[in-house]
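If you're matching positions, the sequence shown starts at 2 in my numbering and goes up one per residue. Heads up: the structure comes next, in C-alpha cells.
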Amino acid sequence: MKTICLYFEIHQITHLKRYRFFDIGTDHYYYDDYANERSITYIAEHSYMPALTAMQEMIQQNPGYFKVAFSLSGVGMEQLELHAPQVLTKLQELNETGQVEFLTEPYSHGLAGLINEESFKRDIEKMSKKIEEYFGKRPTVMRNSSLIYTNDIGEQVASLGYKGMLTEGAKHVLGWKSPHYVYNCNLAPNLKLLLRDVNASDDISLRFNNSSWERYPLFADTYIAEIAKCPESEQVVNIFMELTALGIAQPLSSNILEFLKALPTCAKQAGLEFATPSEVCDKFESVGALDVPDSLSWVDEERDTSTWLGNQMQREAFNKLYSVADRLHIANDPALLQDWDYLQASNNFRFMTTKPSNCNIDRGIYDGPFDAFTNYMNILGDFISRVRALYGGIDNDELEQMLTTITNQGKEIEMKDKEIQRLQAKLSKLDPDNNSREPEKKAPAKKAPAKKAPAKKVAAPKAPAKEAPKAEEVKAEKPQEAEKPAPKKAPKKSANPKAK
2 MKTICLYFEI
12 HQITHLKRYR
22 FFDIGTDHYY
32 YDDYANERSI
42 TYIAEHSYMP
52 ALTAMQEMIQ
62 QNPGYFKVAF
72 SLSGVGMEQL
82 ELHAPQVLTK
92 LQELNETGQV
102 EFLTEPYSHG
112 LAGLINEESF
122 KRDIEKMSKK
132 IEEYFGKRPT
142 VMRNSSLIYT
152 NDIGEQVASL
162 GYKGMLTEGA
172 KHVLGWKSPH
182 YVYNCNLAPN
192 LKLLLRDVNA
202 SDDISLRFNN
212 SSWERYPLFA
222 DTYIAEIAKC
232 PESEQVVNIF
242 MELTALGIAQ
252 PLSSNILEFL
262 KALPTCAKQA
272 GLEFATPSEV
282 CDKFESVGAL
292 DVPDSLSWVD
302 EERDTSTWLG
312 NQMQREAFNK
322 LYSVADRLHI
332 ANDPALLQDW
342 DYLQASNNFR
352 FMTTKPSNCN
362 IDRGIYDGPF
372 DAFTNYMNIL
382 GDFISRVRAL
392 YGGIDNDELE
402 QMLTTITNQG
412 KEIEMKDKEI
422 QRLQAKLSKL
432 DPDNNSREPE
442 KKAPAKKAPA
452 KKAPAKKVAA
462 PKAPAKEAPK
472 AEEVKAEKPQ
482 EAEKPAPKKA
492 PKKSANPKAK
C-alpha cells in the first residue's frame with residue numbers, strides 16, 4: 002500500500018534591531034522585542050493555532066489512520082515560550098494522541114553543518130534534549146535547516162545514532178530516479194533518506210491560491226488521485242513544507258484548511274495510508290545509496306545553499322561568525338551562548354542575498370542586502386569582542402590544545418567506565434554467592450514535577466538567557482544516571498490576550 006508522509010516545519014525568525022557602529026562595545030542586546038512579539042503573535046493566530054486545531058480534529062476523526070510529523074527550531078520554541086505558549090500546549094495535546102512524531106533539527110536553525118562539525122553536533126544534541134523535555138521522547142529522525150544535506154552531513158548525523166533524515170528530492174541529484182523510494186547515505190548505509198516530493202509539496206505550499214495556475218482550484222480528491230496514479234512499486238510520497246504555508250503563504254480565506262481536512266477521507270478511499278518518518282524508515286528498505294557531494298536544500302530553483310552563501314558579503318559574515326566557534330564550545334556565559342544561537346540562524350544570511358527569487362523575501366527592517374550585511378556585521382563585531390574578552394590571553398593553538406584535552410578526558414572516562422563494568426562482571430563470576438545476594442532496597446525516588454513554560458508577559462520582554470552547557474570535567478567515580486525528567490508542560494494562554 003502506497004504511503005503518504007506528511008511533515009511540517011515550525012521556525013520563527015528572531016528579528017535583530019537596528020544596531021549602529023557606535024553601539025559596538027556599549028550595547029550588548031541585539032534584538033527587536035516588539036517586532037518579535039508582533040510577528041509570532043500574528044503567525045500563531047493566523048496559522049499555527051488554526052492549522053494545529055484542524056490536524057487535531059483530523060486525528061480524532063481518523064484514529065490510528067491519519068499521522069503527521071513536526072520539527073521545531075530551538076530559537077523558534079523560545080519565541081513561542083515567551084509570546085505564544087498556547088502553540089506548545091496544542092503540540093503537547095497532539096503528541097498525546099500517539100499519531101504525531103517530532104523530529105530533531107539544529108537548535109539555532111543554522112548552517113553549522115557546512116563549516117563546523119562540533120558546533121553542528123552540539124546544536125542537534127541540544128535540540129534533541131529540548132524535544133524530549135517537552136514531548137517525552139527522544140527523536141530518531143533528523144532534518145537539517147531548510148533540508149540542507151550532503152554526504153558528509155549524513156555521515157555526521159548517522160554518527161549521532163539517527164536512523165533517518167529528511168532532504169530534498171531535487172532533479173539534479175536524483176536524475177532518472179524517483180523521490181518515492183527510501184534511499185540511504187552513501188557514507189553511512191544505516192542512515193535512511195526520505196526525499197521531498199517537490200511537486201506534491203509545492204502544489205500546496207506555493208501554488209494552492211494562485212488563480213493563474215493551470216490546476217487552480219485544487220481539490221483534495223484530484224490531489225490524492227495524482228498520488229494514487231504513481232506506479233504501484235513506489236513506496237512513499239513525502240509531502241514536506243513549513244507550517245506557515247497553512248494560513249500565511251496560503252491564507253485561510255483560500256479554504257486551505259478545508260482542503261487539508263478532506264485529505265484523509267480521500268486517501269482512505271484511494272487505498273493509501275499515512276505514516277510518520279520513523280515508521281517509513283522501519284517499514285521500507287533502502288533501494289540504494291544516494292550520492293550528494295555538493296550541498297542540497299529545498300530553497301530556490303537551484304536547490305543549493307547559494308541563497309545563504311552565494312555572495313562575498315554572506316561568506317564573509319559566515320566565516321567571521323564561525324571563527325570563534327571553538328571558543329564558544331568552552332564558554333560558560335548563558336547570555337553569550339544564547340546570542341550565539343540567535344546569530345547562527347540562517348535567516349540572518351538570507352537577508353543578505355542578491356539573488357533574484359520566485360519567493361519574495363521579507364527583509365524586515367533592512368532596505369536591501371548591503372543594509373542587512375552592515376547591521377549584522379556591527380552586531381557580530383560586538384559579539385566577537387565579548388567572546389575574546391573571556392579568553393583574551395589564549396591564542397588559537399592553546400585553545401585547540403584545551404579542546405583536545407577535554408575530548409581526550411571524556412574518552413578516557415568512557416574507557417574506564419567500560420573497564421569497571423568488565424571487572425564487575427568478572428567479579429560476579431568469581432564470587433557467585435556475593436552476586437546472588439539481593440541488594441538493599443531503596444525507597445523509590447520521587448519524580449520531578451513537570452516544568453512549565455513561562456507565561457505570556459504583559460510587556461515585550463527580553464529573551465531569557467539559557468543555561469550554558471558546562472565543559473566536561475574528569476570525575477573520580479562513575480556518575481549515577483540522572484532520572485529522566487517528566488515532559489515539560491506549556492501553560493495555557495490567558496483568555497484575555499494583550500490587544501495589539
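Here a beta-carbon is modelled for each residue, glycine too, at the ideal position from N, C-alpha and C.
K193, enclosing beta strand (DSSP E) - first and last residue: 193-197
Delimiting residues of the beta strand (DSSP E) encompassing R208: Unbroken run through R208: none, as it is neither H nor E.
Touch test, the region 87-99 against the region 14-33, Cβ-Cβ under 8 Å, three pairs minimum: no
Segments assigned alpha helix (DSSP H), at least 4 residues, entirely inside the region 13-44: 34-44
Candidates G165, Y32, G170, of which the one nearest R304 by Cα: G170
Reference R216; option with closest CA among Q236, A229, C231, N200: N200
Contiguous beta strand (DSSP E) assignments of at least 3 residues, all confined to the region 256-341: none
beta-carbon A268 near the ligand PLP non-hydrogen atom, thresh 7 Å: This structure does not include the ligand PLP; it has no bound ligands of any sort.
Sufficient close CB pairs (3 or more, under 8 Å) joining the region 183-196 to the region 313-324: no
C-beta atoms of F121 and P140 nearer than 8 Å: no
Three-state secondary structure (DSSP) of E169: strand
Which of helix, strand or coil DSSP assigns to A159: helix
Per-residue DSSP class, three states only, for K476: With a pLDDT of 42 at K476, under the threshold of 50, the predicted position of this residue should be treated as unreliable, though the coordinate-derived value follows. Note: K476 maps to coil in three-state DSSP.
For G75 and M128, believed in contact at Cβ under 8 Å, the rounded distance: 5 Å
Endpoints, the beta strand (DSSP E) within which Y150 is located: No beta strand (DSSP E) holds Y150; DSSP gives it neither H nor E.
M143 burial status per 10 Å Cβ neighbour count (16 or more: buried): buried
Residue range of the unbroken beta strand (DSSP E) whose run includes F352: No beta strand (DSSP E) holds F352; DSSP gives it neither H nor E.
Inside the region 357-390 only - beta strand (DSSP E) runs reaching at least 3 residues: none
8 Å contact criterion, which V183 and V238 should meet: CB distance rounded: Incorrect: roughly 12 Å between the Cβ atoms, too far for contact.
Within 8 Å, strictly: CB atoms of Q100 and F67: yes
Classification of L431 by the beta-carbon crowding that lies within 10 angstroms, buried from 16 upward: exposed
Exposure of G162, with buried meaning 16 or more beta-carbon neighbours within 10 Å: exposed
Under the three-state DSSP convention, the category E243 falls into: strand
Proximal residues to A229 (C-beta, below 6 Å), its chain only, five neighbours per side dropped: A271
Candidates E133, P64, N320, of which the one nearest E274 by Cα: P64
Y135, DSSP secondary structure in three states: helix
Own chain, CB closer than 7 Å to E235, minus 5 neighbours either side, in chain order: K3, S179, H181, Y182
Local Cβ density within 10 Å of M416, reported as buried at 16 or more and exposed below that: exposed
CB contact flag (F384, L344, <8 Å): yes
Meets three-Cβ-pair contact criterion under 8 Å: the region 37-56 and the region 218-226: no
DSSP state of A464 mapped onto helix, strand, coil: Confidence in A464 is poor, its pLDDT being 47 and thus under 50, which makes the residue's placement unreliable; the coordinate value appears in the next sentence. If DSSP states are grouped into helix, strand and coil, A464 belongs with coil.
Close-in-space but distant-in-sequence residues of the same chain around T15 (CB under 7 Å, 5 per side omitted): Y32, N37, V76, Q80, Y343, A346
Distance, K419 Cα to E82 Cα: 40 Å
Beta-carbon contacts of E243 that lie in its chain and below 6 Å, excluding the five residues immediately before and after: E10
Cβ neighbours of L207 in the same chain (closer than 6 Å, five flanking residues each side left out): none
Buried or exposed (CB count within 10 angstroms, at least 16 for buried), N333: exposed
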